[in-house]
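One structure below.
Number of protein chains: 2
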Amino acid sequence: MSDAHKGTGRFSYDGLERDLHERARLGILTSLVANPEGLLFTELKDLCALTDGNLNRHIGKLKESGMVEVWKGFKDNRPQTLCRITKAGRARFLEYIAVLEQVVEDAAAAEHAQKTKPLKGWTPI
Amino acid sequence: MSDAHKGTGRFSYDGLERDLHERARLGILTSLVANPEGLLFTELKDLCALTDGNLNRHIGKLKESGMVEVWKGFKDNRPQTLCRITKAGRARFLEYIAVLEQVVEDAAAAEHAQKTKPLKGWTPI
Numbered sequence: 001m002s003d004a005h006k007g008t009g010r011f012s013y014d015g016l017e018r019d020l021h022e023r024a025r026l027g028i029l030t031s032l033v034a035n036p037e038g039l040l041f042t043e044l045k046d047l048c049a050l051t052d053g054n055l056n057r058h059i060g061k062l063k064e065s066g067m068v069e070v071w072k073g074f075k076d077n078r079p080q081t082l083c084r085i086t087k088a089g090r091a092r093f094l095e096y097i098a099v100l101e102q103v104v105e106d107a108a109a110a111e112h113a114q115k116t117k118p119l120k121g122w123t124p125i
Numbered sequence: 126m127s128d129a130h131k132g133t134g135r136f137s138y139d140g141l142e143r144d145l146h147e148r149a150r151l152g153i154l155t156s157l158v159a160n161p162e163g164l165l166f167t168e169l170k171d172l173c174a175l176t177d178g179n180l181n182r183h184i185g186k187l188k189e190s191g192m193v194e195v196w197k198g199f200k201d202n203r204p205q206t207l208c209r210i211t212k213a214g215r216a217r218f219l220e221y222i223a224v225l226e227q228v229v230e231d232a233a234a235a236e237h238a239q240k241t242k243p244l245k246g247w248t249p250i
């Protein structure tokens, strides 16, 4: 084991909080971070390929935890819902992303490591 | 919305397969990719900060799906269990990591975007 890969909990990635580390949440939050001016509910649904019900449920949870804000208004004379990431949500999401970045770096560092070979003196089970 | 962020499903991240995208699995697989010669069960437990039962359960599932192999043998005169990532497991995990990398890039590209401001003509709900 290389020194960089030693230590209790070195690969426990505690920062991957359950409520952010979920595919749909990840998509929603990345969309919103990439569009700080906010996205219409319909845009978000399309970008994340989610159903109305699914997106509603996730947005509700993210609103509860203070990560997104939801606004009602009109666009092109039609009532619309707009979702925006909050300042706190943005900060928390970027902390989470820093942990993901560590995962990617850990894996990339190992990508060109030696191939596996048969093991002498060990029995497969 | 910038052009790079448009398109149906642009943020759906379909490659984040449920059986890899789980904190403990991610830790186990990154540890094993970083140590292609294999890790003892006890080392893996320590690196990922997992209990015996938890690690056993995850290793069992990863073995079932052909991503890891498990060997019995002796080290320092004591019976030990060794886990190694398979060639197929490695390939599949690196595909998954490429999607994570895309998430990190999407978020990083947006990191320095404008701050949120009050919205005129919209009502918070």
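Note that the protein sequences, when read in sequence, are chains X and E.
Heads up: the first sequence runs through residues 1 to 125, numbered per the numbering used here.
Heads up: the second sequence runs through residues 126 to 250, numbered per the numbering used here.
Beta carbons are placed, not taken as given, at the ideal position from N, Cα and C, and that holds for glycine.
These numbers come from a predicted model, not from an experiment.
For X:Ile97, the nearest CB of chain E lies under 8 Å from its own CB, placing it at the interface with that chain. The DSSP-derived three-state label of E:Arg215 is helix. In terms of Cβ geometry, E:Val229 and X:Ile97 form a close pair [threshold 8 Å].
Under a 10 Å Cβ-count criterion, E:Asp171 is classified as buried, with 16 or more other Cβ atoms of the shown protein chains found around its own Cβ. DSSP, read as helix, strand or coil, puts X:Lys120 in coil. Assignment of X:Ile125 by DSSP, reduced to helix, strand and coil, places it in the coil class. Rounded to the nearest angstrom, the gap between the Cα atoms of E:Val158 and E:Leu187 is 13 Å. Straight through space, the alpha carbons of X:Gly73 and E:Thr155 are spaced by roughly 46 Å. For the pair E:Ser190 and E:Ala213, the Cα-to-Cα distance works out to about 10 Å. Contact check for E:Leu207 against E:Leu175 fails: the beta carbons are separated by 8 Å or more. Per DSSP, X:Phe41 is one residue of the alpha helix (DSSP H) stretching across Phe41 to Cys48. By the criterion of a C-beta distance shorter than 7 Å, E:Leu169 is surrounded in its chain by Ile153, Ser156, Leu180 and Cys208, once the five residues flanking it on both sides are discounted.
Counting only runs of at least 4 residues, the segment 6 to 45 of chain X fully encloses the following alpha helix (DSSP H) elements, listed from N- to C-terminal order: 23 to 34. According to the DSSP assignment, X:Gly66 belongs to no alpha helix (DSSP H), since it is labelled neither H nor E. At least 8 Å separates the beta-carbon of E:Glu194 from that of E:Thr167. Nearest CB-CB separation between E:Lys197 and chain X: below the 8 Å threshold.
Excluding the 5 residues flanking it on each side, X:Cys48 has same chain C-beta neighbours closer than 8 Å at Ala24, Gly27, Ile28, Ser31 and Leu55, in chain order.
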